[in-house]
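Here my numbering is used: position 169 in the sequence shown is 170, and no number is missing along the way. Below: one structure, written as structure tokens.
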Amino acid sequence: MFWVLLLLLAWAAAGTACTRLCLAAVHAAASEADARAHDLTLYEAAFLSGGPRRVADLTLVSMARQHRLLLAHTGWATVVDPRGRDEMERSVIGAIGPEGQSRIAPVRADAAAADAVRSLADRLVDAGLAVPDGARSGITAAVRRVRLAVVAVLALGTVALLLPAPPDMPRHLVALWFGLPLALTLSVLAVARMEINPYSRWASPAGQRLLGALARRTGGTDERTYLTWVAVRGISAVGEPDLRAAFAHGQPHRESAWRG
2 MFWVLLLLLA WAAAGTACTR LCLAAVHAAA SEADARAHDL TLYEAAFLSG
52 GPRRVADLTL VSMARQHRLL LAHTGWATVV DPRGRDEMER SVIGAIGPEG
102 QSRIAPVRAD AAAADAVRSL ADRLVDAGLA VPDGARSGIT AAVRRVRLAV
152 VAVLALGTVA LLLPAPPDMP RHLVALWFGL PLALTLSVLA VARMEINPYS
202 RWASPAGQRL LGALARRTGG TDERTYLTWV AVRGISAVGE PDLRAAFAHG
252 QPHRESAWRG
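Below is the structure:
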């Protein structure tokens, strides 16, 4: 009856993997259960769309369009008005340094790593709008484990069928017994594919819905609309060629990673 031991191993692999995926899904759902509908600020929209670097870029563009910061097409930033109106602007001014002038590339990196951006990220995570650290990776790892369980059940079932057939158990019944944990794992994968909400790099499903609503409401040619598109789409939404050229200097634009 060695095949029974193999069957128990198959059930253990399938049950453990499926339970882990269910717990990961519940944890992810609980993390966004407190998400409430509210109007996103431009900084919040920028973070949910592109992370910390997008927030820094939005701040630079906003200050440049208000003529409080000069962004030269050569890739330099110069402070015109040293009085920041909020924490983000003060972070940018601080990143430029006391001399009032700096290359844009390090300013973007330093401003993206500032405490103001980290606090913004924490608030969005607490509100269920941003992806908490480990939520997406936890679900991905759990799905991978279920897939490995499928392979394990198939392998164990194959070994059981290659063993000498028990006198009181036809081979098709042995295959049927192994078909049960296989059906469990495959059905859990199918449900996960349909029901578990997709996560972007930064925004949770609730955050993605708010971003979608913000994009649908955005219209017109006023300054807020302009900055909203910069927040959602990034530097590609900047209309001024000289301003776009200012961001083109230095390292290629990549969204920096954030760890809460």
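Where is the CB? At the ideal position from N, CA and C, for every residue including glycine. All of these numbers come straight from a predicted model, not from anything done at the bench.
Three-state class that DSSP yields for residue i in the structure shown
i	result
T79	strand
A128	coil
L70	strand
A258	Legend: pLDDT at A258 = 38, less than 50; position of this residue unreliable, no value from coordinates given.
A114	coil
R210	helix
G95	helix
A246	helix
D123	helix
G52	coil
G158	helix
D58	helix
Beta-carbon proximity check, residue i vs residue j, cutoff 9 Å
i	j	result
A1	L149	Nothing about residue 1 can be read from this structure; the chain reaches only from 2 to 261.
V233	A216	yes
A26	A193	yes
S205	G129	yes
L43	L61	no
L125	A117	no
A161	W4	yes
V189	C23	yes
G51	G235	yes
L41	L211	yes
Among the options, the one whose alpha carbon lies nearest that of residue i
i	options	result
R109	P53, W178, L228	P53
G213	L24, A73, A47, W4	A47
T17	A78, A153, V126	A153
R1	L41, G101, T42	Missing from the structure shown is residue 1; the chain here goes from 2 to 261 and no further.
P83	A65, T75, H74	A65
W203	P107, A161, D123	D123
Q67	A114, L228, L183	L228
E88	A114, P107, R104	A114
A142	C19, G240, L7, M2	C19
R104	E45, L71, E224	L71
Q209	R21, L49, D40	L49
R21	R218, S237, T186, P168	T186
M2	V175, S63, R55	V175
Check: residue i C-beta below 8 Å from any heavy atom of the ligand COA
i	result
R172	In the structure shown, the ligand COA is absent, as is every other ligand, since no ligand is present at all.
Beta-bridge pairing of residue i - partner residues as DSSP gives them
i	result
Q102	T79
A184	Looking at the DSSP assignment, A184 forms no beta bridge with any residue, so it has no partner.
A204	A131
message = Taking 8 Å as the cut-off, does the region 140-147 touch the region 78-96 (at least 3 CB pairs, one atom from each stretch)?
response = The region 78-96 vs the region 140-147: no contact.
Touching by the beta-carbon criterion (3+ pairs, under 8 Å), the region 151-165 and the region 4-13: yes
Is it the case that the region 230-250 contacts the region 71-82, given that we only count it when at least three CB pairs across the two stretches are under 8 Å?
yes
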